[in-house]
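Each residue of the sequence shown is one higher than the last, beginning at 1 in the UniProt record's numbering.
Built from N, CA and C at the ideal position, the CB exists for glycine as well.
The structure appears right after this line, and notes come after that.
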Amino acid sequence: MQKTRTGAAKLVSDGKVRLTRNGVTERTKKPHTLVRPGDGVTFMRGKELYTVRMKHAGTRRGPAPEAQTLYERLGDSAGKT
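Right, dumping it as structure tokens:
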């Protein structure tokens, strides 16, 4: 979703990421916020709104193709790259 951990942390720290869990959506402000399977994550990437649902929790930091198997894109963002 982001190319670097630093970039992802900045996005969260700037309040630009929303986490949906059990039907409740909140803006996340701490990069260490735990994301669980079934959670929805929404953020802007450039001018595109991304909404993803976490399918699995990762057990390690791996390559991008491996990380992409952990979530699925939803809504209008699903058909775009």
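* Asked: Given a threshold of 16 other Cβ atoms within 10 Å of its Cβ, counted over all protein chains shown, does L34 qualify as buried or as exposed?
  -> Here residue 34 corresponds to residue number 34 of the sequence shown, with the count starting at 1. Exposed, since its Cβ has fewer than 16 Cβ neighbours within 10 Å.
* **CB-CB length for R36 against A9, believed under 8 angstroms** => Along the sequence shown, one-based indexing puts residue 36 at 36. Along the sequence shown, one-based indexing puts residue 9 at 9. With 8 angstroms as the limit, R36 and A9 do not qualify as a contact, their Cβ atoms being about 19 angstroms apart.
* So, helix, strand or coil for V12, using DSSP? -> As a position in the sequence shown, residue 12 is number 12, starting the count at 1. V12 falls in the helix class under three-state DSSP.
* To do: Specify the secondary structure class of G75 as computed by DSSP and reduced to three states.
  => Mapped onto the sequence shown, residue 75 falls at position 75. In the structure shown, G75 sits in a helix (DSSP, three-state: H, G or I).
* Residue from R53, K29, E48 with nearest C-alpha to Y71 -> As a first step, residue 71 is located in the sequence shown; it is residue number 71 there, counting from the start. Of R53, K29, E48, the residue nearest in Cα terms is R53.
* With a floor of 3 residues, list each beta strand (DSSP E) that falls wholly inside the stretch 30-58, ordered by position along the chain. => DSSP runs (the beta strand (DSSP E)) wholly in the stretch 30-58: 40-45, 48-54.
* **Strand pairing of L19, partner residues [DSSP]** => Indexing the sequence shown from 1 puts residue 19 at position 19. DSSP, once it has assigned bridges, lists E26, V41 as partnering L19.
* To do: Would you please state the rounded distance, in angstroms, between the beta carbons of V12 and K30? I believe it to be under 8 angstroms.
  => Your numbering for residue 12 matches position 12 in the sequence shown. Your numbering for residue 30 matches position 30 in the sequence shown. Indeed they touch by this definition, with Cβ atoms about 7 angstroms apart.
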